[in-house]
Each structure stands twice: as C-alpha cells, then as structure tokens.
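Enquirer:
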Amino acid sequence: MPTVTRRSKQSRAERREAIGNRLFAIVERLLAEGAVFSEISVEQLITEADIARSTFYVYFVDKGALMIELMERVTKAVGDAANDWFHLPPAATRADLRKALARLAAAYRQHGRMMSAVIEAAAYDPRVQEEYAAVMARRCEDMNRNFIPQQRDGYIRSDIDLAAVTPWLAWMFERGLNQLIGQDGAMSESALDGATSVIWQTLYEGTR
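Using UniProt numbering, you'd call the opening residue of the sequence shown number 1 and step up by one each time.
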C-alpha cells in the first residue's frame, strides 16, 4: 500500500507539471499574439490546453493562482541566467560582465511578455504582488550570498554596503529590462552598455 501511495502522488505531481508546462506555452503564445493576461479567460485556457474545467481547478484555485505558478517558472528561468553575473570570476573584465548581462537580457527577452504580464497582474492581485516581492527578495539574498564573499576577497568594492545596494541593483535591472527591451524583443547595444557601466562602477571599479 505505501508503494501505491507514493506512485499515486508522483503521478499527480507529474500531471500537474505537464499541465503547467502546457498552460505556460499557451499563455506565452496568446501574449505574443497580442492578448492581455487579464482578458484571457479560464474557458479559453482549458479549451487551448484540452483539459476539463474541473481538472484546471484541481491544480489552480483561480487564474491568479495560475499566474503565480507561471511567475515561478519564468522568474526561475531569468534568475538562473543571472548566475554568470553573480559568479563573475576574480579575473573577469568589464567585457566579461557585459557578456554575462547580455545572457541575462537574452533570457528576459525570451520570456519578456510573460514578465510584463506578471508585473501587470501584481498591480491588481495582492497575492501575485506578494509573491513577486518575495521573488525579488530572494534575488537580493542570492546576490548578497555571492557578492559578500567576493567583497571580502577584494573583488568587489569595500566601500559599499551590499545589503543596501543589492535591492537597488535588483529592481533597477528588473525594471530596466522591462522598459528597455523593445517591441522587437531586442535590447539595444547602448542600453546594454549603460547597464554594464552602472554595475561595473557600482561593484567592481578599482578592484580588477
């Protein structure tokens, strides 16, 4: 009996993952076609996903809960792309930082419409707003966890308070990506140069 129970739970988790992946792809496509997330109905989603309404509500109490699920997926993808910056080697140059930021911008570009939908939903759904704030708080924690040892080893400026600076960097980059990646999904070279200058001068100037 315990073996059957574990198998049942795994099957449910796998089914939830599969449905989540399907809905993620559907929402991204609808957004790319010009839809606004607040105007996408549950009926439209279940029709596109070929699932029963009851199945949708087994996993998501409402569309806001779905947005939180989608947000977790897209912010993880973007967050993973930030690792090259967070783990910049001691001998890294300004050009290396620019390449790392370009990879982060590329990940954001891939899911830019979904990120815009998250920001839109956070403006009217307190649950999404709370979860998104938690995501950004974790992003700052990740930055500090990686940057503080680098600062201690002399690879980040010693005259800055990282705990005070990282929230500004996190939110600046998040909002900058949202505003400066164009309608064609491209971040201009000058915008990337600007981001590189701000971060290099804030964190690394004089240490490398």
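Where a beta carbon is used, it is the ideal one built from N, C-alpha and C, also for glycine.
To the nearest angstrom, how far is the alpha carbon of S158 from that of F56?
Expert: Here the question's residue 158 lines up with position 158 in the sequence shown. Here the question's residue 56 lines up with position 56 in the sequence shown. Approximately 51 Å, taken between the alpha carbons.
Enquirer: Reducing DSSP to helix, strand and coil, say where I181 ends up.
Expert: Counted from its first residue, the sequence shown places residue 181 at position 181. In this structure, I181 counts as strand in the three-state DSSP scheme.
Enquirer: Does the beta-carbon of R138 have 16 or more other beta-carbons within 10 angstroms, so that it is buried, or is it exposed?
Expert: By 1-based counting over the sequence shown, the position of residue 138 is 138. Around the C-beta of R138, fewer than 16 other C-beta atoms lie within 10 Å, and the residue is accordingly described as exposed.
Enquirer: Straight-line CA distance for G110 to S116?
Expert: The residue labelled residue 110 in the question sits at position 110 within the sequence shown. The residue labelled residue 116 in the question sits at position 116 within the sequence shown. Reading off the sequence shown, one finds Gln at residue 110, where the question assumed Gly. Approximately 12 Å between the Cα atoms of the pair.
Enquirer: Roughly how many angstroms separate the alpha carbons of A121 and M67, rounded to a whole number?
Expert: If you number the sequence shown from 1, residue 121 lands on position 121. If you number the sequence shown from 1, residue 67 lands on position 67. Note on geometry: alpha-carbon atoms of A121 and M67 lie some 8 Å from one another.
Enquirer: Should R113 go down as buried or exposed, given a rule of 16 or more other Cβ atoms within 10 Å for buried?
Expert: Stepping through the sequence shown from its first residue, residue 113 is reached at position 113. In the assembly as shown, R113 is a buried residue. Its beta-carbon has 16 or more other beta-carbons within 10 Å.
Enquirer: Going by C-alpha to C-alpha distance, which of E39, G64, A133 and D96 sits closest to Y204?
Expert: Here residue 204 is taken as the residue at index 204 of the sequence shown, counted from 1. It is D96 whose Cα lies nearest to the Cα of Y204.
Enquirer: Leaving out five residues before and five after M71 in sequence, what residues of the same chain have Cβ atoms less than 6 Å from its Cβ?
Expert: Counted from its first residue, the sequence shown places residue 71 at position 71. V118, listed in sequence order.
Enquirer: Quick one: any contact between the stretch 134 to 150 and the stretch 168 to 177, if contact means 3 or more CB pairs under 8 Å?
Expert: yes
Enquirer: By Cβ distance, which residues of its chain are closer than 6 Å to A195, with the 5 residues on each side in sequence left out?
Expert: The sequence position of residue 195 within the sequence shown is 195, counting from 1. Result list for A195: L101, in chain order.
Enquirer: Pull up the DSSP beta-bridge partners for M143, would you.
Expert: Your numbering for residue 143 matches position 143 in the sequence shown. Beta-bridge pairing links M143 to no other residue.
Enquirer: Can you say whether A125 is buried or exposed, counting buried as having 16 or more other CB atoms within 10 angstroms of its CB?
Expert: By 1-based counting over the sequence shown, the position of residue 125 is 125. A small fix is needed here, since residue 125 is Asp in this sequence, not Ala. So D125 counts as buried.
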